[in-house]
Structure formats: C-alpha cells, structure tokens
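Participant:
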C-alpha cells in the first residue's frame, strides 16, 4: 500500500508501534528515523537497512562569500572599492556573534538543541504528522538538520551547469521520506564529528536571511547597519525570525502591507516576539531584558553592500581593470567564467596597487579641466600612472561615470562602461593614436644602431622619401606620403636631438629612412607596446609618427621602462590576495625585461629631459612642483584629434590625454575651449597636477648620464677632399661614415667646381654620421705671388690686378733699400683679384 493511501490512524498506529519497538530495542538511530517509517509505510527492518546504507558523513565545503577589492591608504588602512558576490556573506567565528543571536537561534528553531544527537524526535514527529494529515510541510527539523540541508544546497550552488544545478537543488530540497532519511542520517553524522558550538556557528553562517543575504554577519550589516557581535536581543530575534520564512519576514520591503514600515513590520514582530518569549521561557534572557526587547520597535537601517565596480566612484575603471585581470588569472579557475564565479563566491580580499592620493588627484584634475560631455564633440580624457621599476598601476581615471547598464548608458554620453585606459580585451577601447609620444621608440632604435643624438639627417619635406628598409617584408616605398612639421619647421638637416626636443616630423622620417621599419617595431614591442585591439603593430612610414592605436596604460608602462634604465616591467594591479582562510595567495606578478641597453635609455632620457626644459613640453614642466628630474614627450595627432602628455620621473610615469572617442575633432579650433582653458592645452594642466603629487610623495633621482658617444657619436677624423670633384668628395665622405651636404660655391683659388673647403675642416674630429658641409670653388681667387726683394715697380707689375699700397720702413742694409721687405696678405695666400695688398718698402736713412 502506498504512503499516499494510508489513513491518519494507520500512520499513527504504525508510528507508535515502531516507537514501541525502538524503545525496546534501545536503538537511538531507529528512534531518529521513526517519523520517516510512519510516512513511508516501510517495515522497521527494511528501513533500518536502508538507513544504515545511507552515507553518514557530510563534507562541509567552503561557503560562498563575497570578495572585496581594496585600495590601501597612505596610513596602511584598507579602503573597500567594491565587493562581488552571488551570496552576500561574511563568515565569522561564534565568538564574533552576540550571545543574544546564539540564544535566539536555539530558542526559536531548536530548543532541545543541546540535548539531542542531531535529530529532535518530538519536533520531527510533529512535522511528519502535519505532512501526513495534509497540513503542509512543517518545520520540526533540528538546527543540525537545517544545517545539513543548507550544506547540501550550497554544494549545488557551486555547479556551473544550470541543468545539473537544478537537479541537485531539487534532490536537496524535495519533500520525500527518502530525502528526510538522508538528512537525518547526515545530521547524526555531523553531531558525531563536530561540537555543538561548531554546528551552531556553521548554521548561523550558512543560513539565508532573505534575498541574497546569507549568514548572520551580513544580515546584521544589511538590516541593522551593525555587526553580529553587537546585535541586541530585539535585533537578534528579528533576524532569526527571518530564517523561519525568508520571504515573509524580511525587513527590506517597507512598503509591504503585511510586513512593512506602516504596521511596524507586523509579521516579523509577531515571530520576533514569539522567539523572545521562548528565550525567556528557557531562561536565556531576564524578564527585564524581555520586557525591553518586546517594547522595542523594529527599525531596520538597510545598508546596501557595495557590489560591482560602480560603487568605487572615480576608481571604478581601475576596479573594472582588476576584475579583468582576475578573469585571466589561473589562480581562480581554468576559464574566464569559472574564474569570475569562483571570485564572486570565494571570499577573497584583493589588495590593489591603487594609490588613493594620486588617484584622487587624477580624478580631480580631469574633472576640473575636461567636461564629461561637450556639444558637438564626443570628448574623452584619460590619466594613468605606473610605478617605475615595479609596473604597479597607481592611477587610472577618465572623464566618464562608470556604468555597465545599457539603459543608464543610453541616458547620456557622460556614462560609459568602456575603460579608455586599457586594451579592448581588458574592458577597454580599441585604443587611440598616441601621436608624437610614439617617436621615442624610433629614437630608441636610432641609438641602438649606434647613431648619435647630434647626428643630422635629411629633414627636408618631400613627397617622395624613397625606399625604406624592412627586414620583415622587404624594401618599402610610400609614394605621395608627404608629412609636414607641426610648427612648420623647414630645416633640411636637423639632428636627432633637435627633432626630439621640438617633435619635428620630417626629422623622424629622415631617421627612420636610415633605420629598418621592422626593427623600429621590434624595439617598440620590447617596451611592452602593442595595439589595443590585439592586432599586429603597423610599421609603415606613418607609424613612426604614432598612427597605431595604443592604450594609454601601454604607453605609461613604456615610459616607466625608459625611466628605469630601459628595463620595462609589465603592469600589475594586485599586491596581495588573501583567501577566506586568511591564507596568502600569490598575485599575478610583473615581468621585467631589458628593452634597450641602459646606455640607450640614458640617451633617450637626455633628449626627453630637454623636451621638458626647452621643447614642446615646457608648459607641463613649468607647472610641476616640487621639481625632480623628469623626462617627457608630447603628442598631437592629425587635426589635433587627440593630444597627449607622457612622461616620468625615476619613480612614477604618467600619461594624460584629451581624446576624441568617436567622430572627428580639432582641439586647436577656437570652438573647442573648456572653462579651464584651451582643449589642446588641457594635458599641460592635468599632467603637472598628477606629477606634483607623485614627486612630493615618491621623490625622484637623476637619470643616468648619457655618454659622449651617445650624444656626439664616435669621433673620427674628417677626410681631406679639397681639390676633388664634388661627386668624388661625397663618395669619400659617405664612405667614411659621414653625411654629405652641399654648401654651395665659395671664393677659392682652386679650379671652379672642385672642393674648396669643408666644415668641419680636414683632420677635425667629428661624430660618425655627422653631416659635413662641402663648399665648391668658384675659381675667383689666386695664390698671391711672393714679391719680397723686388723693387716697388717690379712688385706692382707682379701684382697686376690687385690694389697695391706701400709703407716705408727704415733699413740699414743697403741691399734692402727700395726693395719690398714684407707683404700682407703673405705670399701663397688665396686672394680675390681687386683686393688690396699692402707692401713694406725698405729705405736707407728714413726716419724711424
């Protein structure tokens, strides 16, 4: 006969009969399972066999807890940025729970908790009778049984397959004799394994308090803005009341007609008062405490826990980047979804690298200088700082309010879920052109190849730059590519140093012409720079001037590498990870590599220091205080669509920019002006604000001194090419490692068209690669003949074509009388016809 067809009297008869039998047998386990026997209609013998075959050991896994991302303040105290959870729970030991809440739980849910061995026979029978008689599923489960049920449910919650999760949950919660038997068997096993305090602690940490609030600590915080340790008797009873029916008795629905603020949360109060009465009956509280607790109104103080990065305010984009790092860290699982789920459930404390002082400065200076929105321009502003030598990200800010909600984003351009500072696969954009800040990588390759800062290149603007070397894809040409200089500089042969100081486009194209485009890309990548969209860096002639779309964080990492003597450290955002058991977990580590030799980095720093002191970044340098040695480079893309200021001390590298998120814009246009000033110069107002705080907090040392070879190049003698044809002279000079420049015609005694002189002159020491200016002869000069010893008339005849002047000088030697004894210029000097020659003539007896 099925259990469904059994009558109440039949059930009771079977139940009482089995109770009698178990009493005679004195078997505690049999007593424990009696109600299930009554419901199922099984014989005692069969049920005992089934019961004995059930598992009696329950593994208690780590409970799902919220994880929190922190920044550490200057005084060492942590500042919570955001928490993440599927279940809002904070596990605490029993010693951190108010005695009131412990007593309320026992009195309200299981008064005989201290006496039974896991199953409260009286309560179970009462619940079973209700089920048999059609009164619905009722309580009666002991605290231990409730704990077992919750543990089984939690085991389901960690499953990632929804179908398996649902099946597991159904099995753990179904109303059936079999499930009840298993629960009872496991409860008895738990009682054998754990002390009563351990069980009560586990129960109060695991149980649901409505919504997504789990555990007494989170419940105390959420409903009453206090801790479990500081709960009053009244508050404790109210919270334990919720456990009985988490939907009916929860206190976060003040508009509820049955359990809301208007009726004093009547439903919860009725259950609370019952629990308080039980606490009084079992002498857990005094009459005085009971009277006070009963009289106390229920006054929840709902305190929403911080969840998700939007709670981090201006640091939200940094927080978002941290979550993407966690998704890629194998510490948290085999794939991205598993990692994030484990993070949300694992109870991790993540202590980040964020410098709150520097971050707030970055947020404030962006707010002061760049609006969130601007009519006719989708304007963006970014700032990110990296610690030199460690890769620790210290700041990350932008001019938008963080939100991942599409409905919120649709309300205005001031909201964005895209992090402008990071790569696309890290929650960022597809990058921005860094403009001339990218030129530093061509400078690095220039110095790597043995060229010097003072070496000159062909810098004249032209529409055909000829062939560029490219070891990856072979020689390349770019017909029609005709870049101009930002400030319209028109020099024909700037040095690499001049081109860096003043950011001269044609100078850098000239440098690239003497290098290899693929090697320039290799050097760029050595500094950790890559396209934000994940594609390969482009390496055409235009890329030298910064046309690849790069994330600002990548540029900050690179500038930190330059400042670190060429040793680049990858970005890291986590200093410490502490697990739920207070065990330290190794965070993702920075990887440092030598991008260029220290001597090359010293040369780069030498040039970039002068960018700040006399070049395109003087505005940023002048406004930064306190002063420490700094390097920098400005960048402006075509049409001033994006403007940048990137630089570093020996301690901190910072990149700021004002960018066009979508569409076109020209920041130099008069219409683009903010309240703080010109849009194009906002970078020079923001960068000093951030670096001033960085300099005051972190200091800064001198950069390594650049060697003479790096600045001037290896010194070699200039060949003597006088008298050679200009073509032969060019071949000779270029063969010696110099650049040839035609200085035009000059007066000379040498045959017209041949080399008259060079600058520097022959034998002079000059840097290899330096430009030697060569002047050709116009043939207008002759070498003056020697007329000393001749008479004045003879001398005038010899110097025909020159203007001759004479001066007498007394002599005592008769042979010198009326003879030329000196001439100026001297004999052998090249002189132009028609020029003057002064003669000194000897005279006997002349006055002295």
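In the working numbering, the protein residues as written are 127 to 974. Every residue gets a Cβ at the ideal spot worked out from N, C-alpha and C, and that includes glycine. Keep in mind the model is a prediction, meaning the values are calculated, not measured.
(1) Quick test of your reading: residue 473 and residue 706, contact by CB under 8 Å. State the CB separation rounded to the nearest angstrom.
(2) Can you tell me whether residue 959 is buried or exposed? The criterion is at least 16 other CB atoms within 10 Å of its CB, across all chains shown.
(3) Excluding sequence positions up to five away, which residues of its chain have a Cβ less than 7 Å from the Cβ of residue 270?
(4) Please classify residue 860 as buried or exposed, where buried requires at least 16 other C-beta atoms within 10 Å of its C-beta.
(5) How is residue 518 classed by DSSP in three states: helix, strand or coil?
(6) On the DSSP bridge list, what partners appear for residue 949?
(7) By Cβ distance, which residues of its chain are closer than 6 Å to residue 858, with the 5 residues on each side in sequence left out?
(8) Suppose you measure from the CA of residue 855 to the CA of residue 874; what does that come to, to the nearest Å?
(9) Compute the beta-carbon to beta-carbon distance between residue 673 and residue 559, rounded to the nearest angstrom, for a pair I have assumed lies under 8 Å.
(10) What are the start and end residues of the alpha helix (DSSP H) that includes residue 718?
(11) Take residue 456 as the anchor and find which of 211, 711 and 549 has the nearest alpha-carbon.
(12) In its own chain, which residues sit with a C-beta less than 8 Å from the C-beta of residue 927, not counting the 5 before and 5 after it?
(13) CB-CB under 6 Å to residue 445, same chain, minus the five flanking residues each way: which ones, in chain order?
(14) If I measure Cβ to Cβ from residue 717 and keep anything under 6 Å in the same chain, skipping five residues before and after, which residues do I get?
(15) Ordered along the chain, which non-local residues of its own chain (more than five positions away) have a Cβ less than 7 Å from that of residue 199?
(16) Could you tell me the distance, in whole angstroms, from the CA atom of residue 517 to the CA atom of residue 774?
(17) Note down, in chain order, each residue of its chain lying with its Cβ closer than 6 Å to the Cβ of residue 832, except the 5 sequence neighbours on either side.
(18) What is the DSSP secondary structure of residue 605, reduced to helix, strand or coil?
(19) Pairs of beta-carbons, one from the segment 337-349 and one from the segment 211-229, closer than 8 Å: are there three or more?
(20) Suppose you measure from the CA of residue 391 to the CA of residue 385; what does that come to, to the nearest Å?
(21) Roughly how many whole angstroms lie between the Cα atoms of residue 307 and residue 219?
(22) If we count Cβ pairs, one from each stretch, closer than 8 Å, do we get three or more for the segment 718-727 versus the segment 579-590?
(23) Once DSSP output is grouped into helix, strand and coil, what is the label at residue 907?
(24) For residue 485, which of helix, strand or coil comes out of DSSP?
(25) Can you pull the DSSP bridge partners for residue 214?
(26) Can you say whether residue 235 is buried or exposed, counting buried as having 16 or more other CB atoms within 10 angstroms of its CB?
(27) Suppose you measure from the CA of residue 327 to the CA of residue 776; what does that come to, to the nearest Å?
(28) Quick check on this structure: which residue in 852, 387, 768 and 761 has the alpha carbon closest to the alpha carbon of residue 428?
(29) Here's a check: name, in chain order, each residue in its chain whose Cβ is nearer than 8 Å to the Cβ of residue 139, leaving out the five neighbours to either side.
(30) Find out if the Cβ-Cβ distance for the pair residue 511, residue 820 is shorter than 9 Å.
(31) Look at the alpha carbon of residue 430 and the alpha carbon of residue 401, and state the distance between them as a whole number of angstroms.
(32) Taking the runs of the alpha helix (DSSP H) that are 4 residues or longer, which of them lie wholly in the segment 737-817?
(33) On the premise that residue 812 lies in contact with residue 491, defined as a C-beta separation below 8 Å, what is that separation, rounded to the nearest angstrom?
(34) If you draw a straight line from the alpha carbon of residue 921 to that of residue 933, how long is it in whole angstroms?
(35) What's the gap between the Cα of residue 553 and the Cα of residue 689?
(36) For the beta strand (DSSP E) that residue 843 lies in, which residues bound it at each end?
Facilitator: In this structure, then:
(1) Taking the chain shown and counting its residues from 1, one reaches residue 473 at position 347. Taking the chain shown and counting its residues from 1, one reaches residue 706 at position 580. About 3 Å separates the two Cβ atoms, so the contact holds.
(2) Numbered from its first residue, the chain shown carries residue 959 at position 833. Residue 959 is exposed by the Cβ-count criterion.
(3) Here residue 270 refers to the residue found at position 144 of the chain shown. Cβ within range, chain order: 244, 313, 316, 317 and 325.
(4) Against the chain shown, residue 860 aligns to sequence position 734. Exposed: under 16 other Cβ atoms inside 10 Å.
(5) Residue numbering aside, residue 518 sits at position 392 when the chain shown is read from its first letter. The answer is strand: DSSP assigns residue 518 an E or B state.
(6) Here residue 949 corresponds to residue number 823 of the chain shown, with the count starting at 1. DSSP lists 965 as partners of residue 949.
(7) Looking up residue 858 in the chain shown gives position 732. Excluding positions up to five away in sequence, the list reads 845 and 847.
(8) Working through the chain shown from its first residue, we reach residue 855 at position 729. Working through the chain shown from its first residue, we reach residue 874 at position 748. Computed Cα separation, rounded: 16 Å.
(9) What you label residue 673 is simply residue 547 of the chain shown in a count that begins at 1. What you label residue 559 is simply residue 433 of the chain shown in a count that begins at 1. 5 Å between Cβ atoms; contact.
(10) Working through the chain shown from its first residue, we reach residue 718 at position 592. Segment 718-720 is the beta strand (DSSP E) holding residue 718; no alpha helix (DSSP H) there.
(11) For the purposes of this step, residue 456 is taken as the residue at position 330 of the chain shown. Among 211, 711 and 549, the Cα nearest to that of residue 456 belongs to 711.
(12) As a working mapping, residue 927 is identified with position 801 in the chain shown. The answer, listed in chain order, is 959 and 960.
(13) Numbered from its first residue, the chain shown carries residue 445 at position 319. Excluding sequence neighbours, residue 445 sits near 195, 207, 208, 435 and 438.
(14) In the chain shown, counting from the first residue as 1, residue 717 sits at position 591. Correct list, in chain order: 696.
(15) Taking the chain shown and counting its residues from 1, the one referred to as residue 199 is at position 73. So the list reads 205 and 482, once near-sequence residues are dropped.
(16) Here residue 517 refers to the residue found at position 391 of the chain shown. Here residue 774 refers to the residue found at position 648 of the chain shown. Going by the C-alpha atoms only, they are around 13 Å apart.
(17) Here residue 832 refers to the residue found at position 706 when the chain shown is read from its first residue. Counting only Cβ-Cβ distances below 6 Å, and skipping sequence neighbours, we find 728, 729 and 732.
(18) Position 479 of the chain shown, counted from the first residue, corresponds to residue 605. Residue state, collapsed to three classes: coil.
(19) yes
(20) If you number the chain shown from 1, residue 391 lands on position 265. If you number the chain shown from 1, residue 385 lands on position 259. Approximately 4 Å, taken between the alpha carbons.
(21) Here the question's residue 307 lines up with position 181 in the chain shown. Here the question's residue 219 lines up with position 93 in the chain shown. Approximately 30 Å, taken between the alpha carbons.
(22) no
(23) The residue labelled residue 907 in the question sits at position 781 within the chain shown. Of the three classes helix, strand and coil, the one that applies to residue 907 here is strand, per DSSP.
(24) Counted from its first residue, the chain shown places residue 485 at position 359. In this structure, residue 485 counts as helix in the three-state DSSP scheme.
(25) Taking the chain shown and counting its residues from 1, the one referred to as residue 214 is at position 88. 339, per the DSSP bridge assignment.
(26) The residue given as residue 235 occupies position 109 in the chain shown. Label assigned to residue 235: buried.
(27) One-based indexing of the chain shown puts residue 327 at position 201. One-based indexing of the chain shown puts residue 776 at position 650. C-alpha separation (whole angstroms): 52 Å.
(28) Along the chain shown, one-based indexing puts residue 428 at 302. Residue 428 has its Cα closest to that of 387, out of 852, 387, 768 and 761.
(29) Within the chain shown, the letter at position 13 stands for residue 139. Any reading at residue 139 needs caution, since the residue's pLDDT is 36, under 50, leaving its predicted position unreliable; the model's value is listed next. If we look at residue 139 and ignore the five residues flanking it on each side, it has no Cβ neighbours.
(30) Working through the chain shown from its first residue, we reach residue 511 at position 385. Working through the chain shown from its first residue, we reach residue 820 at position 694. For residue 511 and residue 820, yes; Cβs fall inside 9 Å.
(31) As a first step, residue 430 must be located in the chain shown, where it is residue number 304. As a first step, residue 401 must be located in the chain shown, where it is residue number 275. Approximately 27 Å, taken between the alpha carbons.
(32) 744-748
(33) The count along the chain shown starts at 1 and reaches residue 491 at position 365. The count along the chain shown starts at 1 and reaches residue 812 at position 686. Indeed they touch by this definition, with Cβ atoms about 5 Å apart.
(34) Position 795 of the chain shown, counting from 1, holds the residue named residue 921. Position 807 of the chain shown, counting from 1, holds the residue named residue 933. In a straight line, the C-alpha of residue 921 is about 13 Å away from that of residue 933.
(35) One-based indexing of the chain shown puts residue 553 at position 427. One-based indexing of the chain shown puts residue 689 at position 563. Looking at the two C-alpha atoms, the distance is approximately 28 Å.
(36) Counting from 1 along the chain shown, the entry for residue 843 is found at position 717. From DSSP, the beta strand (DSSP E) with residue 843 extends over 841-843.
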